[in-house]
Amino acid sequence: MDALERRELEERQAAVRALLRYPLLTAVEPDPNAFKLVRRHARWLREWFAEAAGWSLRVDNGLARLQKRVPGSSDCTRPAAADRSGSPFSRRRYALLCVGLAVLERADAQVTLGQVAERVIAMAAEPTLARTGLTFSIATRDERADLVAVVRLLQNMGVLSRVAGDEQAFVN
Numbered sequence: 110m111d112a113l114e115r116r117e118l119e120e121r122q123a124a125v126r127a128l129l130r131y132p133l134l135t136a137v138e139p140d141p142n143a144f145k146l147v148r149r150h151a152r153w154l155r156e157w158f159a160e161a162a163g164w165s166l167r168v169d170n171g172l173a174r175l176q177k178r179v180p181g182s183s184d185c186t187r188p189a190a191a192d193r194s195g196s197p198f199s200r201r202r203y204a205l206l207c208v209g210l211a212v213l214e215r216a217d218a219q220v221t222l223g224q225v226a227e228r229v230i231a232m233a234a235e236p237t238l239a240r241t242g243l244t245f246s247i248a249t250r251d252e253r254a255d256l257v258a259v260v261r262l263l264q265n266m267g268v269l270s271r272v273a274g275d276e277q278a279f280v281n
């Protein structure tokens with residue numbers, strides 16, 4: 110293997126690792142260099158992920174999205190982690206994640222944690238969601254911790270980025 114082939118192999122390995130860590134990459138977040146590698150090796154990566162895992166990869170000018178096959182309902186091997194301890198998300202946090210994403214979809218480019226909390230409370234009170242039994246407030250520390258866990262997950266995924274402040278202060 111010559112130097113050029115070795116470099117290509119290393120770049121492809123780095124691109125695979127990046128996509129496994131961040132299935133959604135943009136030209137800006139969470140890793141612009143990884144996005145460039147994914148774009149450079151898009152054809153090879155598409156073929157590799159399709160053959161190795163049955164997953165599809167979509168790459169365009171500003172976005173790379175690895176679409177993993179949805180596991181069966183009995184597969185609980187890869188839950189979302191609430192924090193660094195690796196504690197799995199509860200059903201409540203998963204529901205909060207969905208509502209939070211819906212809120213963020215309608216939010217301005219910059220939004221505070223307090224604004225997200227207010228909008229989540231309002232959306233959870235809408236009749237269609239209220240009928241499911243989902244309620245949310247920020248009255249207790251545990252409820253605020255649930256919201257912060259969701260926000261941190263979204264930060265780790267590159268959906269949100271902190272501009273200022275500390276989420277832990279919101280919990281306390």
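The opening position of the sequence shown corresponds to residue 110 in our numbering, with each subsequent residue numbered one higher.
The beta-carbon is built from N, C-alpha and C at its ideal position, and this holds for glycine as well.
Residue i to residue j span [Cα, whole Å]
i: residue 198; j: residue 226; result: 18 Å
i: residue 241; j: residue 217; result: 28 Å
i: residue 111; j: residue 117; result: 10 Å
i: residue 215; j: residue 245; result: 19 Å
i: residue 237; j: residue 231; result: 12 Å
i: residue 189; j: residue 267; result: 14 Å
i: residue 136; j: residue 145; result: 7 Å
i: residue 207; j: residue 123; result: 30 Å
i: residue 115; j: residue 243; result: 53 Å
i: residue 200; j: residue 130; result: 23 Å
i: residue 276; j: residue 269; result: 13 Å
i: residue 235; j: residue 159; result: 41 Å
8 Å Cβ cutoff met for residue i and residue j
i: residue 229; j: residue 205; result: yes
i: residue 210; j: residue 175; result: no
i: residue 177; j: residue 157; result: no
i: residue 202; j: residue 278; result: no
i: residue 133; j: residue 143; result: no
i: residue 120; j: residue 167; result: no
Given residue i as reference, the closest of the options once Cα atoms are compared
i: residue 141; options: 113, 170 and 224; result: 170
i: residue 195; options: 135, 261, 235 and 161; result: 261
i: residue 273; options: 160, 116, 223 and 190; result: 223
i: residue 249; options: 280, 263 and 268; result: 280
i: residue 161; options: 167, 168 and 153; result: 153
i: residue 264; options: 124, 232, 233 and 213; result: 213
i: residue 125; options: 137, 173 and 114; result: 173
i: residue 247; options: 233, 237 and 239; result: 233
i: residue 271; options: 113, 139, 123 and 122; result: 139
With 16 other Cβ atoms within 10 Å as the buried cut-off, status of residue i
i: residue 251; result: exposed
i: residue 255; result: buried
i: residue 253; result: buried
i: residue 113; result: exposed
Any non-hydrogen atom of the ligand GDP within 7 Å of residue i CB
i: residue 223; result: This structure simply doesn't include the ligand GDP, nor any ligand for that matter.
(message) Please give me, in chain order, every unbroken run of the beta strand (DSSP E) with length at least 3 that falls completely inside the stretch 137-218.
(response) The qualifying runs are 165-168 and 172-176.
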